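In this note's numbering, the protein residues as written are 73 to 265.
Below you can see the structure in the form of structure tokens.
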């Protein structure tokens, strides 16, 4: 159940626009894999913010679906072809990030959510899990994860420190921005079960 609908939908649209801007701007200027590391870190903040507006974590899958639809629409409007590199692998990345977020929130002690450093730890563990799930994209889409040039080493793992650092910073930031925005309007505790 979504308890703060406008805030939740705004976060979903923001995530989709960020993903689209990655295709239009960042992918041409950053080394392969670094843009994915940035997006995974940003997703930590987006997911932690969205989680404050809902009761059940499964609703985060809707946020991912909205982000993917906006990204695909943006790709089409920008005149790009819908290739695997622009669609299938990033779509898998978005949903693997959601799965990692849900797993981390269910497995780790809920009291970590009560403190900034606990939130940073949750963000770091989220990043570790999300990045290590991404190489499985080959088995789902048939298209392997991007690798570092002249090696078979996945770019997502190469840029893991960047993802962990950004996630550790943006996970608590996203959460506290939404909490301060909602203020007293946050009426229901989040159900991590």
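No residue lacks a Cβ here, since even glycine has one placed at the ideal position from N, Cα and C. Quick caveat: nothing in here was measured; it's all calculated off a predicted structure.
Query: Buried or exposed (CB count within 10 angstroms, at least 16 for buried), residue 260; Result: Residue confidence for residue 260 is low, a pLDDT of 44 falling below 50, so the modelled location carries little weight; the figure read from the coordinates is stated next. Classification for residue 260: exposed.
Query: Residue 161 versus residue 213: straight-line alpha-carbon distance, rounded; Result: 7 Å
Query: Cutoff 6 Å; reference residue 98; Cβ partners in own chain excluding five residues on either side; Result: 107
Query: Residue 240 classed as buried or exposed, judged by whether at least 16 other C-beta atoms fall within 10 angstroms; Result: buried
Query: Closest residue to residue 130 among 140, 96, 170 (Cα-Cα distance); Result: 170
Query: Reference residue 192, options 176, 224, 77, 94, closest by Cα; Result: 176
Query: Continuous alpha helix (DSSP H) stretch holding residue 253: start and end; Result: 232-254
Query: Residue 263 classed as buried or exposed, judged by whether at least 16 other C-beta atoms fall within 10 angstroms; Result: Summary for residue 263: the model assigns pLDDT 49, below 50, so the residue's position carries little reliability, and this model does not support an answer.
Query: Buried versus exposed, by CB contacts within 10 Å (16 or more), residue 183; Result: exposed
Query: Contact set for residue 117: own chain, Cβ-Cβ below 7 Å, skip 5 residues either direction; Result: 242, 243, 245, 246
Query: Near the ligand ADP: residue 221 beta-carbon under 7 Å from a heavy atom; Result: This structure simply doesn't include the ligand ADP, nor any ligand for that matter.
Query: Per-residue DSSP class, three states only, for residue 219; Result: strand
Query: Backbone CA spacing between residue 190 and residue 181 [nearest angstrom]; Result: 9 Å
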